[in-house]
Amino acid sequence: MLTPTEVGGAEAAAHPPTRRGHPGRRVRPPAVGNYLYLLPALVLVGGVVYFSVGYTFWLSLVEWDGISPQVEFVGIDNFTTAVRDPVLWMALKHSLIFSVAIVIQMAIGLVAAVLLHSRIHGRTVYKVIIFMPTMLATAVMAPVFREILATDGPLNESLRAVGLGALAQSWLADPDLALYSLIAINVWQWTGLSFILYYAGLTQIDPEIYEAARLDGAGNRRILLSIITPMMRGTHVTLLILGVMGVLKTFDVVFLVTGGGPADATEFLPTYIYETTITRFDAGYGAALSVILLLISLAFTVWQMRRYRMGGEVTRV
Amino acid sequence: MALVAACGGGGGDGGGGSSSKTVNWWGWAPGNDLATKYVAAFNKEHPDIKVVYKEIPYADYVNALRLGLRSDSGPDVFALQPGEITDRFGPSGMDLTARARQSLGADWASTIVGESHTQFARDGKQFGMPVQLSASGMVWYDKTLFDQHGLKPPTNADELRKVCAAFASLSVVCMAQGAKDAWANIDFYMTLAADTVPGAFYEAVDGKRPWTDPGLVRAFELWRQMFTEGIFGKGSAGLAVYPDTVGQFANGKAAMIMLGTWQAGFMDAAALKLGQEGKFVPRVMLPVAFPDVNGDGQPPKTFGGPDYGLAINSRSDAQDAAWTFVHWLSSNQNGQNLIAAEKFVPAVKGVPMGDSNLVDPQTQKPALQQVVDFMANSEGYREIPYAEIKTALGDALAAVAVGRQTPARAAEAVEQVSRGLKRG
């Protein structure tokens, strides 16, 4: 049963006792009714996020095709299978290699931001050109890249036209090249995001710092490496986190451009999960792979929280 | 909204709800253009029933159907393919046996070509009615291109190599293969296996013969040679059949393609025009047996069954209207005539293939009979009934294609999966 004071808890919370001139009174805990305000968020987060995680974890312990009513509990069998599954390790290796794209797009984005931050003619046009790929849906650009990178596509045709026919390759059909072709597409698509964040970051640097550096005899290269790069640390970290999370979730570009092939040469964990669950009718194993992906993401999040302390430099751009 | 109206009140009892006259039909086949034609013809006879077709690409179909059949906004009628898809989704459909008996008579099954309806039956229940049949393991070739360069379609391995060398010098792909698609690779492998050691493939699927059998390993070796000897075009491993290699073939960039009877539309001027870029070139495409690559003088037999069938969702509240439509398209003379007119092999006996709109009627009319014969003489199914083997074989063929596995190692990998499989 609520006491009159507790019923008025919301008001009390809005006007802390110390401000009402009762320095000696004990601060009361919020009334039970106040917790009701949290309910919608709790239901949403608990029902959508944590329930799904729990359900996926349960599924990872069963053998189930995802359709029939027959579900068989198999304990940790799906996980022991996963540990021995070469495709899983291959997919993780691909994610690691794909992370190279993050560094490349960050470097290009930073250089482009620095160049366009100076007074060059037509910089608005350049900004649009660099940022536009980020706005494009992968579903739109994937067929275009499939066409461009086809064996008889425009890229190889152009190479042959300028006498570089020896460089023409089966960009998407060669298992040794397909992953790097995807990296190139990814760099093209996401450099715009790096650019825009670095550009925003550059506007926060006091111009007097550049002037002081110039007075001390620093050239452009020196300013880029010794002033801009260190001062953009928060942006680097933000982009790194976004990039790694993006790599772990990579699905659309792979699914639409190579389908994970040829011969699993571009398989990533999310595409493998989809293939296992949907095409192979193995929802239990697919869930086990999802749990593994979740644990990897969680480990990375914990690491970055410890490393950079949430709310600090991480979010500052 | 129509989707909800049709299925919302089904209640999941499968008890023959029939209030709605709106039928929602999902399938990867026959595609929007043909579905519109079929529905228009159906509506001339049944104007009170509204059929809404939703085309879902084959790659997305399983996922869409999985979700659709578990919700109240799924299809009333859905396409089934023999094998795994029927195993998984058939039981979500009505048993059509009583309806078929009532509409078509007690001997309804005898009207269907090659008892193909049995591929949609499980545990004595008829979950789907075959609409059209198809056989794979044959080749389509571009006669216009062959004639232009004084070449003839190859009948054996030597001729295949010579023809391909000639086309290579002309920068034309000899045989287009969409090796990004596991199903296309499996079709090709089944054809090679049917040539090297007839019947062994099915024994291996049933676990009665190891995949490491020399004949089946030989088929893997031949598959690899298709890539290394330039029979397939460069970059085949990155191409899908639809639209990549079918486009190559329709546009004269490839001389041959190993697809089945379902591609008889290559002979139809309107269909060919749709597949071509730029100005229409009336290419004369013809079917021919796959070359005898093992040198025994016999080309491999084709294999096939129903191309697709139609099932009725047991949760549908438009079951009567749905059956009227399914029955019309799969078993009615008018519906089947329409299928045949589009140059698909009809499921019902005695329906002739349509011969209108051929690019070159004189050459292609006899070829239509060849298509029917490829179907009639086919031996064995096309859809592997075990998803695990299908996946393992698809993976093995992809790995061999790009040289990441030797043929022997690939055969061992499939055998390993086969040995661990619980067969029903």
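Quick mapping for you: the protein sequence lines, in order, are chains A and B. All letters in the first sequence, in the order written, are residues 361 to 677 by the numbering used here. All letters in the second sequence, in the order written, are residues 85 to 508 by the numbering used here. Glycine is no exception: its CB is placed at the ideal position from the N, C-alpha and C atoms. On a predicted model such as this, the values are computed, not experimentally measured, just so you know.
Residue environment, residue i, which counts as buried when at least 16 other CB atoms sit within 10 Å
i: L527 of chain A; result: exposed
i: K488 of chain A; result: Per the sequence shown, the amino acid found at residue 488 of chain A is Val instead of Lys. Under this definition V488 of chain A is an exposed residue.
i: F311 of chain B; result: buried
i: W525 of chain B; result: Outside the shown range of chain B (85 to 508) lies residue 525 of chain B, about which nothing can therefore be said.
i: Q446 of chain B; result: exposed
i: A659 of chain A; result: exposed
i: G381 of chain A; result: Residue confidence is low: G381 of chain A scores 46 on pLDDT, short of 50, so the model does not pin down where it sits. Its coordinate-derived value is still stated next. Looking at its Cβ environment, which holds fewer than 16 other Cβ atoms inside 10 Å, G381 of chain A is exposed.
i: F251 of chain B; result: buried
i: R466 of chain B; result: buried
i: L456 of chain A; result: exposed
i: E371 of chain A; result: Any reading at E371 of chain A must be qualified, since the residue scores a pLDDT of 43, below 50, and its modelled position is unreliable; the value itself is stated next. The residue is exposed, with fewer than 16 neighbouring Cβ atoms inside 10 Å.
i: L448 of chain A; result: buried
i: M274 of chain B; result: buried
i: F641 of chain A; result: buried
i: A418 of chain A; result: First, the amino acid is wrong: residue 418 of chain A is Trp here, not Ala. When all chains shown are included, W418 of chain A counts as exposed.
i: F428 of chain B; result: buried
i: F364 of chain B; result: exposed
i: V432 of chain B; result: buried
i: H233 of chain B; result: exposed
i: N269 of chain B; result: buried
i: D226 of chain B; result: buried
i: D528 of chain B; result: This structure cannot settle anything about residue 528 of chain B, because the visible part of chain B is limited to 85 through 508.
CB contact check: residue i to chain A, cutoff 8 Å
i: G208 of chain B; result: no
i: K318 of chain B; result: yes
i: K264 of chain B; result: yes
i: R185 of chain B; result: no
i: A252 of chain B; result: no
i: T312 of chain B; result: no
i: T475 of chain B; result: yes
i: V146 of chain B; result: yes
i: V486 of chain B; result: yes
i: A278 of chain B; result: no
i: A460 of chain B; result: no
i: A395 of chain B; result: no
i: R172 of chain B; result: yes
i: A483 of chain B; result: yes
i: R150 of chain B; result: yes
i: A471 of chain B; result: yes
i: R503 of chain B; result: no
is_contact[residue i, chain B] using C-beta, thresh 8 Å
i: F660 of chain A; result: no
i: V439 of chain A; result: In the sequence under discussion, the amino acid at residue 439 of chain A is Phe, which differs from the Val named in the question. F439 of chain A does not count as touching chain B.
i: P493 of chain A; result: no
i: A623 of chain A; result: yes
Closer than 7 Å: residue i CB and nearest the ligand COA heavy atom
i: N438 of chain A; result: Because no ligand of any kind appears in the structure shown, any question about the ligand COA cannot be addressed here.
Residue i at chain E interface by Cβ criterion, 8 Å
i: R293 of chain B; result: No chain E appears in the structure shown, which is made up of the protein chains A and B.
Three-pair Cβ contact test at 8 Å for the stretch 199-216 of chain B versus the stretch 281-288 of chain B: no
contact_flag[the stretch 286-305 of chain B, the stretch 316-335 of chain B] where n(CB pairs < 8 Å) is 3 or more: No, the stretch 286-305 of chain B is not in contact with the stretch 316-335 of chain B.
At least three beta-carbon pairs within less than 8 Å, the stretch 156-168 of chain B to the stretch 405-416 of chain B: yes
Three or more C-beta pairs below 8 Å linking the stretch 105-114 of chain B and the stretch 161-178 of chain B: Touching, yes.
Contact residues within the stretch 318-351 of chain B, judged by C-beta distance below 9 Å to chain A: K318, G319, S320, A321, G322, L323, A324, D328, Q332, K337
The stretch 528-536 of chain A touching the stretch 617-635 of chain A, judged by at least three CB pairs closer than 8 Å: yes
Cβ contact check for the stretch 565-585 of chain A and the stretch 489-502 of chain A: 3 or more pairs under 8 Å: no
Cβ contact (3+ pairs, closer than 8 Å) linking the stretch 481-491 of chain B and the stretch 308-324 of chain B: yes
Cβ pair count under 8 Å reaching 3, the stretch 640-649 of chain A against the stretch 586-600 of chain A: no
Segments assigned alpha helix (DSSP H), at least 4 residues, entirely inside the stretch 396-420 of chain A: 399-404, 411-419
Cβ-based contacts, 8 Å cut-off: residues of the stretch 426-453 of chain A near chain B: G426, I427, S428
Inter-stretch contact (C-beta, 8 Å, three-pair minimum) for the stretch 398-414 of chain A and the stretch 140-157 of chain B: no
Short-range partners of chain B found in the stretch 507-537 of chain A, where Cβ spacing is below 7 Å: A510, T511, S530, L532, A533, P535
Members of the stretch 638-662 of chain A near chain B, C-beta cut-off 9 Å: I638, T639, R640, F641, D642
Contact between the stretch 236-245 of chain B and the stretch 370-381 of chain B (3+ Cβ pairs under 8 Å): yes
Ordered list of alpha helix (DSSP H) runs contained in the stretch 291-353 of chain B, each at least 4 residues: Taking only runs of at least 4 residues, the alpha helix (DSSP H) segments lying wholly in the stretch 291-353 of chain B are 298-312, 330-334.
Cβ pair count under 8 Å reaching 3, the stretch 388-395 of chain A against the stretch 605-619 of chain A: No, the stretch 388-395 of chain A does not touch the stretch 605-619 of chain A.
At least 3 beta-carbon pairs within less than 8 Å: the stretch 548-568 of chain A vs the stretch 333-340 of chain B: no
Whole alpha helix (DSSP H) elements within the stretch 425-508 of chain B, 4-residue minimum: With a minimum length of 4 residues, the continuous alpha helix (DSSP H) runs that stay inside the stretch 425-508 of chain B are 445-460, 471-485, 491-503.
Proximal residues, the stretch 598-626 of chain A versus chain B, C-beta separation under 8 Å: T618, G619, G621, P622, A623, D624, A625
Length-filtered (4 minimum) alpha helix (DSSP H) runs lying within the stretch 438-498 of chain A: 446-458, 460-477, 483-495
Stretch pair the stretch 356-363 of chain B + the stretch 244-260 of chain B: three plus CB contacts closer than 8 Å: no
Cβ contact (3+ pairs, closer than 8 Å) linking the stretch 443-463 of chain B and the stretch 401-416 of chain A: no
The stretch 437-447 of chain A contacting the stretch 575-586 of chain A, beta-carbon criterion three pairs below 8 Å: no
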